[in-house]
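In this note's numbering, the protein residues as written are 59 to 350.
For each residue, glycine too, the CB sits at the ideal point set by N, CA and C.
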């Protein structure tokens, strides 16, 4: 209860509900809210947990081109469902780019679609006070549901959904991924509470993270690397060839630099990348000396 109340206050929503993992949040929430006569509309690059949540629902699933709001509106206009739920990543986990939220919200309102943001990579990272994608765009009151995880900026494990009290109450009694699963451990809950306190009391960390992100982004681009449209601490170095991406990753690991290699089917064929990410506590020494 303490964590749920703290999360609701932090996200500036009426209520919040905690789950054992972030993956379970999307499974439970989407399958609980989307019925047989409904439709759920997704960005084509949404996280796998969103896709699986849709598979567990009884509704129609429709996708629009990645971050293409014109295509999103086309999909909305062609939908004949009783009700629609739009579910998008706030920050896309591989590409690092941010959903173009303002026009998406306008289109959603035009066609009366509810909006849910998976902000696993946005909370603690984006916004003036680290409250995520909606705060980044000053649209907190326009987003119906915000999902978050603890395994990114909050340095724990678990997840939550925040929104209107009546909706959260409904999810609490209908989400099978919540009802038939174990509760989060006390240590996980305590560490999230502490992490939220740090975010609120130490804003200089967010400032440092923003500076580090821009420094690395500029550095990669100055060296001629392709990084795509990322605006977040997730900075992909786009290699293209799977074998070359694996070789480059192994070389970096041997130098003591941890990165993730991302190849098909996680990304389209020919789009292999080395996924790098950054923290507020990284310093110039870490960037200049790979064996540190």
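Among the options, nearest to residue i - alpha-carbon criterion
{"i": "residue 141", "options": "109, 263, 96 and 108", "result": "96"}
{"i": "residue 208", "options": "193, 181, 166 and 192", "result": "181"}
{"i": "residue 143", "options": "176, 150 and 198", "result": "176"}
{"i": "residue 219", "options": "70, 87 and 67", "result": "87"}
{"i": "residue 303", "options": "319, 315 and 314", "result": "319"}
{"i": "residue 314", "options": "277, 325 and 345", "result": "345"}
{"i": "residue 325", "options": "72, 305, 298 and 279", "result": "298"}
CB contact flag (residue i, residue j, <8 Å)
{"i": "residue 321", "j": "residue 300", "result": "yes"}
{"i": "residue 156", "j": "residue 289", "result": "yes"}
{"i": "residue 162", "j": "residue 116", "result": "no"}
{"i": "residue 201", "j": "residue 211", "result": "no"}
{"i": "residue 215", "j": "residue 79", "result": "yes"}
{"i": "residue 68", "j": "residue 107", "result": "no"}
{"i": "residue 147", "j": "residue 105", "result": "yes"}
{"i": "residue 99", "j": "residue 120", "result": "yes"}
{"i": "residue 183", "j": "residue 267", "result": "yes"}
C-alpha gap between residue i and residue j, whole angstroms
{"i": "residue 264", "j": "residue 249", "result": "19 Å"}
{"i": "residue 312", "j": "residue 342", "result": "20 Å"}
{"i": "residue 102", "j": "residue 243", "result": "34 Å"}
{"i": "residue 197", "j": "residue 340", "result": "30 Å"}
{"i": "residue 135", "j": "residue 338", "result": "42 Å"}
{"i": "residue 223", "j": "residue 309", "result": "50 Å"}
{"i": "residue 92", "j": "residue 150", "result": "23 Å"}
{"i": "residue 350", "j": "residue 94", "result": "Its pLDDT being 44, under 50, residue 350 is placed unreliably in this model, and the coordinates cannot settle the point."}
{"i": "residue 206", "j": "residue 178", "result": "5 Å"}
{"i": "residue 194", "j": "residue 238", "result": "35 Å"}
{"i": "residue 259", "j": "residue 245", "result": "21 Å"}
{"i": "residue 286", "j": "residue 252", "result": "34 Å"}
{"i": "residue 284", "j": "residue 127", "result": "24 Å"}
{"i": "residue 164", "j": "residue 125", "result": "14 Å"}
{"i": "residue 153", "j": "residue 275", "result": "13 Å"}
{"i": "residue 262", "j": "residue 277", "result": "22 Å"}
{"i": "residue 171", "j": "residue 305", "result": "45 Å"}
{"i": "residue 137", "j": "residue 327", "result": "30 Å"}
{"i": "residue 329", "j": "residue 169", "result": "34 Å"}
Same chain only: Cβ atoms within 6 Å of residue i, ignoring 5 sequence neighbours per side
{"i": "residue 77", "result": "83, 217 and 236"}
{"i": "residue 70", "result": "198"}
{"i": "residue 90", "result": "229, 232 and 233"}
{"i": "residue 173", "result": "144, 166, 201 and 202"}
{"i": "residue 74", "result": "62, 65, 66, 218 and 220"}
Own chain, CB closer than 7 Å to residue i, minus 5 neighbours either side, in chain order
{"i": "residue 247", "result": "61"}
{"i": "residue 118", "result": "97 and 139"}
{"i": "residue 213", "result": "249 and 253"}
{"i": "residue 279", "result": "285"}
Checklist entry - Looking at C-beta atoms only, is the number of pairs between the segment 292 to 299 and the segment 323 to 340 that lie closer than 8 Å three or more? => result Yes, since at least three Cβ pairs between the segment 292 to 299 and the segment 323 to 340 fall closer than 8 Å, the two stretches touch.
Checklist entry - So does the segment 268 to 276 actually touch the segment 106 to 116, counting three or more Cβ pairs closer than 8 Å? => result no
Item to check | Three or more C-beta pairs below 8 Å linking the segment 220 to 229 and the segment 183 to 199 | outcome: no
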